[in-house]
Every structure is written in C-alpha cells, then in structure tokens.
Amino acid sequence: MSENQNLLAEQRRALIVDEVRRRGGVRVNELTRKLGVSDMTVRRDLDALARQGVLEKVHGGAVPVVEASTHEPGFEAKSALELTAKEDIARAAAALVVPGTAIAMSGGTTTYALAQRLLAVPELTVVTNSVRVADVFHVAQRGAGRTGSSTVVLTGGVRTPSDSLVGPVADQAIAALHFDVLFLGVHGISAEAGLSTPNLAEAETNRRLVRSARRVVVVADHTKWGTVGLSSFASLDQVDTLVTDTGLPADARAEVTERLRRLIVAGEDAEGGADIREAAH
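Numbering-wise (this note's numbering), the sequence shown opens with residue 69 and increments by one.
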C-alpha cells in the first residue's frame, strides 16, 4: 500500500510542477480543485518540491525556480544542435531495427532524426509519446496517399517543452504494452546519475518505457555525457546499447563499455560507418 501511495504522490507532484512551469505560478486553492485533494496535501507537496529546489513557495501558492538541473530547452532550440552527430546516430540506430517488430520511441530530437530513417522499414509497430515522431510517420503516409505499412500508436498525456506526452495517462498506456526495442533519447547520461531529465513527469514516463522494453537502446550525442538533470529514471545497467558519435571522449567510452553490453560509435570511419564494441558480460 505504501508503494502505491508514494507513486501517487510522485505523479501528483509532477503535475504540480508542470502546472507551475506552464502558467508561471499557481495558487493552492487552484491546485486543490484541479487535483481533488485537500489544502493540507497540496501544501505538503509544495513543501517537498520547494525542498528539492523545483519550485519556490510564495504566499498562497508557488512560482517556478529555474536552475541548471531543471532547465528544459524546447524542441526547436535543441533541434539546431549537433546536427551531423544526430544524423550519424540515427543512421546507425536504424540498422538495429528489424522489419515486423514492435518498437518504442521516446521524445527528443535524436529520436526524431531516427524516425525519418525508419520510414523505409516495413511492418513496424511504433509506440511513441513524441508528437514530433508520430508526425514524421503521419506526414509520410499521408503524402504517399495510403495508410502505410507501419502502425503508429501515440500515447496521450501532458505535453512538455520537448513535445513529449507524459504523466499518468501516458504511463498507464505504456504499462500495458511490451516492446521488442526501446529507442530512448535523453537529456543527460552519466556513470553516477545514469539517465536523467529535468522533467519529473517525463522521468516517470521514461521509467515505464524502460520497464516495458526487452532491449533498451539509448541514442545520445557526446554532449549528453556528464549532463545530469533533476530526476534520474534509469541506471546504465538497465541499458543494453548506447549509440553515440565520435565526440565521446575515451574515458567515457571505457566507462560505457564496462557497464553496457554494446557501444556503437556512429561515424567513426570516413565512410560514416560505426565502430561497434561488445562488452564481455
């Protein structure tokens, strides 16, 4: 019973944070009506979130606090970064996809690049919480004047600055499904914090994605290494494969090879191929 109560509290607090960030501030009485809980429960939630540094309590409510670990750039801002690396990673990751399988794709600009590479792979079932990823398939199928050979399932949820759908609705949908492979974009990755995000609700949704996948493939360029967001949602030990680019430093490569089964460094040779290292686990 206590675990269920903790999960409900975490989800409720994630919704509070999203509401504060979206509106730039919120009052206690508004939250009690929206969440259907008591004034005392909301105040306890605000106290807990304030201690975490996620928001700042003010008289009668709360306002956002912007810190490095909680800053979440929008999709457009991130899409202009590391373009070559993302294309190399997308090309290498696409080679891992087997026709006719069920895959999941999280939100992010690297998974968005990967989605464009998967249009030619037949008979896929794609489950995603990314509006952008779903649109790639939708636009391609509409342009071809047919329904397409792939089935795309877009989860519901609350939209983040990265155009991902998160929260209890997305979590419930994902928990009932099982994927052959999950392709996961991340805000940050490190040996100590594992995979992390600045968005609490997104962290919980990503946890559900990881639990529902037989294999987890992280697609992340080298700039994500050493970055730590507010909430960790998976350890490196839960990841099967990391697909990254040539900018990943040697010490990070050694760390990844030690912890993961497979490291793929996209664009390692002149022809744009990939250096694949298998860990001896």
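Don't be surprised by glycine CBs; every beta carbon is placed ideally from N, CA and C. Just so we're clear, the structure is a prediction, and the values are computed from it rather than from any experiment.
In the displayed model, residue 268 falls within a helix according to three-state DSSP. The bridge partners DSSP lists for residue 132 are 123.
Residue state for residue 117 is assigned as helix, using DSSP reduced to three classes. In the three-state reduction of the DSSP assignment, residue 88 falls in the helix class. Shown here for residue 95: same chain residues with a beta carbon closer than 8 Å to its own, the five before and five after excluded, namely 128 and 129 in chain order. Where residue 321 is concerned, the enclosing alpha helix (DSSP H) starts and stops at 318 to 327. Annotated three-state conformation of residue 158 is helix, per DSSP. Secondary-structure assignment with DSSP links residue 313 through a beta bridge to 334.
Residue 328 places its beta carbon less than 8 Å from that of residue 308. Cβ contact annotation for residue 302 (same chain, cutoff 6 Å, sequence separation greater than five): 262, 263 and 278, in chain order.
Just so you know, the alpha carbons of residue 291 and residue 315 end up roughly 8 Å apart.
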